[in-house]
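Each remark here refers to the structure printed beneath this line.
Protein chains: 4
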Amino acid sequence: MKKTYINMLKEVELDQPIFIEALPGIGHVGKLAADHIIDELQAEKFAELYSPSFPPQVMVNEEGIIENMKNEFYYLKSAGGDKRDYIILVGNTQGLSPEGQYEICGFILDLVEKYGVNEIYTLGGLATGQPVEKTRVFGAATNTELTEKLKEFEVVLRSADGGIIGASGLLLGMGTLRGMEGICLMGETPGYFIDAEAAKALLGVLMALLNIEVDTEQLEERAQETRKMISKAQQMEQEMMERMTLKPGEEDLRYIG
Amino acid sequence: MKKTYINMLKEVELDQPIFIEALPGIGHVGKLAADHIIDELQAEKFAELYSPSFPPQVMVNEEGIIENMKNEFYYLKSAGGDKRDYIILVGNTQGLSPEGQYEICGFILDLVEKYGVNEIYTLGGLATGQPVEKTRVFGAATNTELTEKLKEFEVVLRSADGGIIGASGLLLGMGTLRGMEGICLMGETPGYFIDAEAAKALLGVLMALLNIEVDTEQLEERAQETRKMISKAQQMEQEMMERMTLKPGEEDLRYIG
Amino acid sequence: MKKTYINMLKEVELDQPIFIEALPGIGHVGKLAADHIIDELQAEKFAELYSPSFPPQVMVNEEGIIENMKNEFYYLKSAGGDKRDYIILVGNTQGLSPEGQYEICGFILDLVEKYGVNEIYTLGGLATGQPVEKTRVFGAATNTELTEKLKEFEVVLRSADGGIIGASGLLLGMGTLRGMEGICLMGETPGYFIDAEAAKALLGVLMALLNIEVDTEQLEERAQETRKMISKAQQMEQEMMERMTLKPGEEDLRYIG
Amino acid sequence: MKKTYINMLKEVELDQPIFIEALPGIGHVGKLAADHIIDELQAEKFAELYSPSFPPQVMVNEEGIIENMKNEFYYLKSAGGDKRDYIILVGNTQGLSPEGQYEICGFILDLVEKYGVNEIYTLGGLATGQPVEKTRVFGAATNTELTEKLKEFEVVLRSADGGIIGASGLLLGMGTLRGMEGICLMGETPGYFIDAEAAKALLGVLMALLNIEVDTEQLEERAQETRKMISKAQQMEQEMMERMTLKPGEEDLRYIG
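And the structure:
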């Protein structure tokens, strides 16, 4: 494999879909929320992305079966009260090098742009390094209209206290260069375990913003399942990404999308 | 040298060969086993792979002679009870960067695919960081039929406890995208010395799986020879790869293929 | 985004402009000085540079709005006593990899060469790691005529006590290969806070050299504003660049442009 | 600058020249020896190599003048008792990434091959980390004929105790793939200061091997000069290369070419 490529699994027709991204990050908050939407609303996979900038390894699942590192695109038709179409991106990894991250996000935007996406939601966790009493949801957006909307939904605006690192930031930033607008939502989480509470809070805001309903009852169950299934390697990888971007000992707000 | 390339040394005709990979990794378990097969069954070298993603250095052998970093392809015709053909890949290094690893594995699969390979065995060590009483062999595979087969041969299935890093994992994962299936076998080893016991256990399972016979009597002797011949640089390189992928102090199961 | 590119915002005509570079570096000394010139003399932005070698992230500003990593080109017409034209380069980041830095500097020089630039001033800080009593300005240049000029203006010549790392050095070095000449000015600063004193000293020398006048009264105010606005992520990035190039514990003169 | 390139300064005609490489490495042993040959025998520069894989910085010399990172080719005609032609490669840096090192060495070999080179000598230091009583010269070669020759000249053969990292190793290894043969000579040095003794011992062996004479009287003087001129940045860079390849605390024989 010399280049990033997308393997199309199914031809789909979508009408100006909303694009939701939730690749692995802190606390698996975003991924947990997005996997839950996919399962509960029975989204269907239609494309896979492979890249030589992913970690040079494979995962082994619970049954001892080998799985490639990849990003996966799902779609939903006429979902929620607004009957909108959706593309949801999940996966087991992100690109490692800066150049790889930019290239992969370029491929992702090329694909979703083809389907008419002009609205992006990226999901992640925000590690505060402290016990969380009542989970807050943090946010940032590409324009003031959207930040105003976030305030209405009681999202705490991030304010010059750090960048958004990885796909959750880059897809929004690069998206603006193509005329797309969007929001990044981050569930507050004490640290690096699989945090169902943060995912639930995040999902609550997302559902309100998108006018969709997803039963969150089984989210804790899913979190436990994920805790079992998440391999050490994925945790190691996540830690590697953190080491790439954070100073050891730093205790304040930080985020890897 | 600007690109990875393969230097063909000999034209060979092979009938749906089985592909065995054993590039340097933990405890030199896989390499030791594969080098032993090559010697005992007199496999012949037919191709060499060079890459700018290999470490920028040369090795010096026991006689003070300089040797390039490379991967080497050997073949065997009508070997074992099943009279199968084989391609065996060994070498003194692996690619350093993620992009390099993916590119090199792509070149390797391109070559073996040309000969009709659709069955891959990758060999490595699994460092438990603890003294090993009775060496176990761990495994993972690309489908459930093969994992069932592994259980029959008393291989311990790895189960969501980590990825398989490097060529041993990547060749299997990338192979599935070309319709190839395969198994990764890992000999349990306490750590980073040249482990003949682990190689012997690994070889035992491999021979049973492939229905071939290899005299393992001289394996300890080979291990001692290897211990002498293995240069510090190779050890350093191995350590570098480990530092790239492991958290210092981590004591649990881990594997570099 | 697969390649570095420049987005032209406005067609401008310039007559042999002087090129001033001040991308983020130690103490934000250069950036502070250049941002101040841009504001006080009302320079206008005419081009932006994006690169996959920038950190794979976005910044969040005070209002929670997402901003891409980028370099920005401003111009000034008939400024100062000599009525010269200027191109001023500022931004929120530099390239991370060596190859990225060289590529980006090549793009920058391609652009400014098109406008007839043959004189370059690069601005930065020089961290001495010690309290600074009276801020000195250090300098280096591409020829002896210019180093003589620096001495006249009481700039302390750097003398074989270290390289100039990053765009401030590279643009001058690569510029000489195109027949451009220039000066690097570095304001002495104790360390890593936003240092208005160093920027003021630097600006003083620059104004004298270029025969321009800029009111520096509000520089301290700007520094305070910058301190607020500068996100942790930018600081982290800067520290990352320092870790890339400096030995921990090193106390002597050092510089990242 | 997007690609490595060679700037030809002068057309020269050479008759099967011997190629000597001495880029910066441990103790500046090789560089010191080669710079001395260049000065004493008045070799003339005829080409320069620039690369985006060099450190993204410039050097500042004693007069405050900025110098690019580069490799420089000198030539000698009819030198020594055998009246042979020579190409000598020196410079202030080596490539940083593996891919860069391979690419640069490929460019170097392309150039010298054009002049008919089939004999390579690479010069470096070998740090033993201990005080050196009587400086030994270590060596390795591309064939047994040459290792025999080294023994005659009382060079200590390196024997499977480590690789040769960087251009000194890579040029020889990659050279063999083009039918070139050669020798790597390494002067023993306690560590990282500019070591005139090691350079003198190295030069002694080289002169005997090549049947040339160079007055070594002023070598210590040159070493002192180099100590003054060598900037901290160069030392930092060297340390960076060492950190890339050596385990901290390692005390045994090691070599960076």
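Chains as they are written, first to last, in my numbering: chain A, 105 to 361; chain Y, 105 to 361; chain P, 105 to 361; chain B, 105 to 361.
Every residue gets a Cβ at the ideal spot worked out from N, C-alpha and C, and that includes glycine.
Taking contact to mean at least 3 C-beta pairs separated by less than 8 Å, is the region 137-155 of chain Y in contact with the region 206-223 of chain Y?
yes
Could you round the C-beta distance between Glu292 of chain P and Val259 of chain P to whole angstroms and report it? I think they count as a contact, below 8 Å.
In the third sequence, residue 292 of chain P corresponds to position 188, counting from 1. In the third sequence, residue 259 of chain P corresponds to position 155, counting from 1. That belief does not hold up - the Cβ atoms of Glu292 of chain P and Val259 of chain P are roughly 11 Å apart, past 8 Å.
Under 8 Å, Cβ to Cβ, is there at least one residue of chain B near Tyr225 of chain P?
Here residue 225 of chain P refers to the residue found at position 121 of the third sequence. With 8 Å as the cut-off, Tyr225 of chain P does not count as an interface residue toward chain B.
With a threshold of 16 other CB atoms inside 10 Å of the CB of Pro235 of chain P, please say whether the residue is buried or exposed.
For the purposes of this step, residue 235 of chain P is taken as the residue at position 131 of the third sequence. It counts as exposed.
Return yes when the Cβ of Ile170 of chain B is within less than 8 Å of the Cβ of Gly184 of chain P, no when it is not.
Looking up residue 184 of chain P in the third sequence gives position 80. Looking up residue 170 of chain B in the fourth sequence gives position 66. Not closer than 8 Å, so no.
Determine the contact status of Met163 of chain Y and Gly267 of chain B, defining contact as a CB-CB distance below 8 Å.
The sequence position of residue 163 of chain Y within the second sequence is 59, counting from 1. The sequence position of residue 267 of chain B within the fourth sequence is 163, counting from 1. Yes, Cβ-Cβ distance for Met163 of chain Y and Gly267 of chain B is below 8 Å.
Among B:Pro202, B:Ile141 and B:Glu207, which one has its Cα closest to the Cα of Thr108 of chain B?
By one-based count along the fourth sequence, residue 108 of chain B stands at place 4. Among B:Pro202, B:Ile141 and B:Glu207, the Cα nearest to that of Thr108 of chain B is on B:Glu207.
With 9 Å as the C-beta to C-beta threshold (strictly closer), list the residues of the region 155-170 of chain B near chain P in chain order.
Ser155, Pro156, Ser157, Phe158, Pro159, Pro160, Gln161, Val162, Met163, Val164, Asn165, Glu166, Glu167, Gly168, Ile169 and Ile170
Any beta-carbon of chain A closer than 8 Å to the one on Gly210 of chain Y?
For this step, residue 210 of chain Y is matched to residue 106 along the second sequence. Yes, Gly210 of chain Y counts as interfacial toward chain A.
Under 8 Å (Cβ pairs) to chain Y, residues found in the region 250-280 of chain A:
none
What residues match up with Phe123 of chain B in a beta bridge as DSSP calls it?
Numbered from its first residue, the fourth sequence carries residue 123 of chain B at position 19. According to DSSP, which records beta bridges pairwise, Phe123 of chain B is partnered with B:Ile191 and B:Ile224.
Our contact map puts Leu127 of chain A next to Val194 of chain A with C-beta atoms below 8 Å; I'd like the distance itself, whole angstroms only.
Against the first sequence, residue 127 of chain A aligns to sequence position 23. Against the first sequence, residue 194 of chain A aligns to sequence position 90. That pair is a contact at about 7 Å.
Pro202 of chain A touches chain P at which residues, Cβ-Cβ below 8 Å?
In the first sequence, the residue the question calls residue 202 of chain A occupies position 98. Here the neighbours are Pro156, Ser157, Phe158, Pro159, Pro160, Leu200, Ser201 and Gly204.
Contact with chain Y by Thr232 of chain B, beta-carbon distance below 8 Å
As a position in the fourth sequence, residue 232 of chain B is number 128, starting the count at 1. No, Thr232 of chain B lies away from the interface with chain Y (no Cβ there is under 8 Å from its Cβ).
By Cβ distance, which residues of its chain are closer than 6 Å to Lys106 of chain B, with the 5 residues on each side in sequence left out?
For this step, residue 106 of chain B is matched to residue 2 along the fourth sequence. Cβ within range, chain order: n/a, list empty.
Does DSSP classify Phe257 of chain A as helix, strand or coil?
The residue you call residue 257 of chain A lines up with position 153 of the first sequence. Coil at Phe257 of chain A, not helix or strand.
If you measure between the beta carbons of Pro159 of chain P and Pro159 of chain B, is that distance less than 8 Å?
Position 55 of the third sequence, counting from 1, holds the residue named residue 159 of chain P. Position 55 of the fourth sequence, counting from 1, holds the residue named residue 159 of chain B. Against a cut-off of 8 Å, the Cβ pair of Pro159 of chain B and Pro159 of chain P comes out as no contact.
Who are the neighbours of Asn247 of chain P on chain B, taking C-beta pairs under 8 Å?
Stepping through the third sequence from its first residue, residue 247 of chain P is reached at position 143. What Asn247 of chain P touches in chain B: Ile169.
Considering Cα atoms alone, identify which of A:Pro121, A:Phe297 and A:Val309 is closest to Ala231 of chain A.
Residue numbering aside, residue 231 of chain A sits at position 127 when the first sequence is read from its first letter. Measuring from the Cα of Ala231 of chain A, the nearest candidate turns out to be A:Phe297.
With C-beta atoms as the reference, is Tyr219 of chain P less than 8 Å away from Ile122 of chain P?
Against the third sequence, residue 219 of chain P aligns to sequence position 115. Against the third sequence, residue 122 of chain P aligns to sequence position 18. It is not a contact, given that the beta carbons lie outside the stated cut-off.
So what's Ala151 of chain P in DSSP terms, helix, strand or just coil?
Position 47 of the third sequence, counting from 1, holds the residue named residue 151 of chain P. Three-state DSSP puts Ala151 of chain P in a strand.
Within 10 Å of its beta-carbon, does Gly199 of chain B have 16 or more other beta-carbons around it, so buried, or fewer, so exposed?
Position 95 of the fourth sequence, counted from the start, is the residue given in the question as residue 199 of chain B. With 16 or more other Cβ atoms within 10 Å, it is buried.
Sequence-distant residues of the same chain with beta carbon closer than 7 Å to Leu144 of chain B, five excluded per side:
As a working mapping, residue 144 of chain B is identified with position 40 in the fourth sequence. The question names Leu, but residue 144 of chain B is Glu in the sequence shown. The answer, listed in chain order, is Val318 and Asp319.
Closest to Asn172 of chain A by C-alpha separation, out of Y:Met278, Y:Gly131 and Y:Thr248, would be which residue?
Indexing the first sequence from 1 puts residue 172 of chain A at position 68. The option with the nearest alpha carbon to Asn172 of chain A is Y:Met278.
Going by DSSP in three states, Phe177 of chain B sits in which element: helix, strand or coil?
For this step, residue 177 of chain B is matched to residue 73 along the fourth sequence. Reduced to three states, the DSSP call for Phe177 of chain B is strand.
Do Lys174 of chain A and Asn196 of chain A count as a contact pair if the criterion is CB distance below 8 Å?
The residue given as residue 196 of chain A occupies position 92 in the first sequence. The residue given as residue 174 of chain A occupies position 70 in the first sequence. Result yes, Cβ atoms of Asn196 of chain A and Lys174 of chain A sit closer than 8 Å.
Quick check on DSSP: helix, strand or coil for Lys106 of chain P?
Taking the first residue of the third sequence as 1, we reach residue 106 of chain P at position 2. Here Lys106 of chain P sits in coil by DSSP.
Going by DSSP in three states, Ile130 of chain A sits in which element: helix, strand or coil?
Here the question's residue 130 of chain A lines up with position 26 in the first sequence. Looking at Ile130 of chain A - three-state DSSP - the assignment turns out to be helix.
Against chain P, with Cβ distances strictly below 8 Å, would Tyr243 of chain A count as a contact?
As a working note, residue 243 of chain A is residue 139 in the first sequence. The question names Tyr, yet the displayed sequence has Gly at residue 243 of chain A. Chain P contact via Cβ: present.
Do you know how far the Cα of Glu249 of chain P is from the Cα of Val216 of chain P?
Translated into the one-based positions of the third sequence, residue 216 of chain P becomes position 112. Translated into the one-based positions of the third sequence, residue 249 of chain P becomes position 145. Distance between the alpha carbons of Val216 of chain P and Glu249 of chain P: 23 Å.
What residues from chain Y crowd round Glu207 of chain B, counting only those whose CB sits closer than 9 Å?
Against the fourth sequence, residue 207 of chain B aligns to sequence position 103. Near Glu207 of chain B (Cβ distances below 9 Å), the residues of chain Y are Met105, Lys106 and Pro156.
Give me, in chain order, the residues of the same chain whose beta-carbon lies closer than 8 Å to that of Thr251 of chain B; leave out the 5 immediate sequence neighbours on both sides.
The residue labelled residue 251 of chain B in the question sits at position 147 within the fourth sequence. Here the set comprises Gly243, Ala244, Ala245 and Leu261.
Name the DSSP bridge partner or partners of Ile169 of chain P?
Position 65 of the third sequence, counting from 1, holds the residue named residue 169 of chain P. Paired residues: A:Ala245.
Give the range of the beta strand (DSSP E) segment to which Thr293 of chain A is assigned.
What you label residue 293 of chain A is simply residue 189 of the first sequence in a count that begins at 1. Note, Thr293 of chain A: beta strand (DSSP E), Glu285 to Thr293.
State buried or exposed for Asp299 of chain Y, treating a residue as buried only when at least 16 other CB atoms are found within 10 Å of its CB.
Position 195 of the second sequence, counting from 1, holds the residue named residue 299 of chain Y. Classification for Asp299 of chain Y: buried.
Under the three-state reduction of DSSP, which class applies to Glu328 of chain A: helix, strand or coil?
Your numbering for residue 328 of chain A matches position 224 in the first sequence. In the sequence under discussion, the amino acid at residue 328 of chain A is Gln, which differs from the Glu named in the question. Three-state DSSP puts Gln328 of chain A in a helix.
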